[in-house]
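Just below is one structure, and these are the notes that go with it.
Numbering (this note's numbering), first residue to last: 2 to 248.
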């Protein structure tokens, strides 16, 4: 990475791409949000018809878990789309689903990542934050090279992020207005909208629709803007493999 890391330059190039890509990132993100919203509505309907498990006070059904896994793969596809757009590729809308051929690896990596982060936070906040930033490039490695193993993607991310965690923190911090807006909308929905709606299938569906629409007002800008910037950061810190050196 260049000595003079400039998060503003990464964000400026990401913003240009949001206006010039063949399939605009805002539209691709709108598709991602629409598909996710539809899955959540299906989950509400199916969850009311199937028994739910209860673990540590949290209630969830088989469909909740399934939709969570599908959403993880869709988000990996969106991340891959952002990386390819960063490299100048022209992509159709169905590229959102390009991570499904290696969905098992995506899910396994997500499980390992969040297990490590939760373990770190259970020890103290600082280890959790360090682990979160150490492995921040792992999913980008996996979508960039699907033939990689999950633990190889983690190893590469850890190696590349040595000495660069502060720069990535600076990049994330520069998005604070949008991140704060997202947190405010989420809190409003959670603590105001949720209790105001009836505890029924209709109430659950209304909550998903209204909260999803409100969050989408922020996420439709935040998600592609942040991921395109993160993809640019990945390109800066990525350590070339011997095969790439030969090219």
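In this text, a Cβ means the ideal position worked out from N, Cα and C, and glycines have one as well.
Taking 7 Å as the limit between beta carbons, can you name the residues of its chain near residue 175, skipping five residues before and five after?
Here the set comprises 8 and 12.
In angstroms, rounded to a whole number, what distance separates the CA positions of residue 27 and residue 232?
16 Å
Quick one: is the Cβ of residue 161 within less than 8 Å of any heavy atom of the ligand PLP?
With respect to the ligand PLP, the structure offers nothing, as it holds no ligand at all.
I believe residue 179 touches residue 223 by the beta-carbon criterion, under 8 Å. Please report the beta-carbon distance rounded to the nearest angstrom.
Between the beta-carbon of residue 179 and that of residue 223 there is about 4 Å, and that keeps the pair under the 8 Å contact cut.
Within its chain, find whatever has a CB closer than 8 Å to the CB of residue 210; leave out the 5 residues flanking it on each side and keep chain order.
38 and 42
Closer than 8 Å by C-beta to residue 81: which residues in its own chain qualify, once you throw out the five before and the five after it? Chain order, please.
96, 99, 100, 144 and 145
For residue 58, count neighbouring Cβ atoms within 10 angstroms of its own Cβ and tell me buried if that reaches 16, exposed if not.
Only weak support is given to the placement of residue 58: the predicted model assigns it a pLDDT of 46, under 50, and the value that follows is read from those uncertain coordinates. When all chains shown are included, residue 58 counts as exposed.
Using the beta-carbon count (16 or more within 10 Å), is residue 184 buried or exposed?
Exposed: under 16 other Cβ atoms inside 10 Å.
By Cβ distance below 6 Å, which residues in the same chain neighbour residue 198 in space, the five residues on each side in sequence not counted?
204, 207 and 208
Threshold first: 3 residues or longer. Then list the beta strand (DSSP E) segments lying entirely within the region 113-158, N to C.
none
Using the rule of at least 16 other Cβ atoms within 10 Å of the residue's Cβ for burial, across every protein chain shown, is residue 68 buried or exposed?
buried
Just to confirm the assignment, what range does the alpha helix (DSSP H) spanning residue 68 have?
Taken as a continuous stretch (DSSP letters only), the alpha helix (DSSP H) holding residue 68 covers 63-87.
For the alpha helix (DSSP H) that contains residue 202, what are its first and last residues?
202-238
Per the contact definition of three or more C-beta pairs closer than 8 Å, is the region 146-164 in contact with the region 104-118?
yes
Shortest alpha-carbon distance to residue 252 belongs to which of 228, 215 and 114?
Summary: the structure shown does not reach residue 252, with the chain confined to residues 2 through 248, and so no result is reported for it.
Please check the pair residue 160 and residue 46, which I expect to be a contact at CB under 8 Å, by giving their CB distance rounded to whole angstroms.
No, residue 160 and residue 46 are not in contact; Cβ-Cβ is about 45 Å, not under 8 Å.
Can you tell me which of 168, 147, 131 and 90 puts its alpha carbon nearest to the alpha carbon of residue 104?
147
Using CA coordinates, which residue listed in 239, 240, 237 and 229 is at the minimum distance from residue 22?
229
Since residue 140 and residue 217 are thought to touch, with beta carbons under 8 Å apart, how far apart are those beta carbons, to the nearest angstrom?
Wrong, their Cβ atoms sit about 22 Å apart, outside the cutoff.
In the DSSP assignment, find the unbroken alpha helix (DSSP H) run with residue 11 in it and report its ends.
Counting along the chain, the alpha helix (DSSP H) containing residue 11 begins and ends at 8-21.
Identify whether residue 46 lies in helix, strand or coil by the three-state DSSP scheme.
helix
Candidates 150, 237, 225 and 177: which alpha carbon is nearest residue 79's?
225
Use the C-beta contact count for residue 253: other C-beta atoms within 10 angstroms, 16 or more gives buried, fewer gives exposed.
The chain is shown from 2 up to 248; residue 253 falls before or after that span and cannot be answered.
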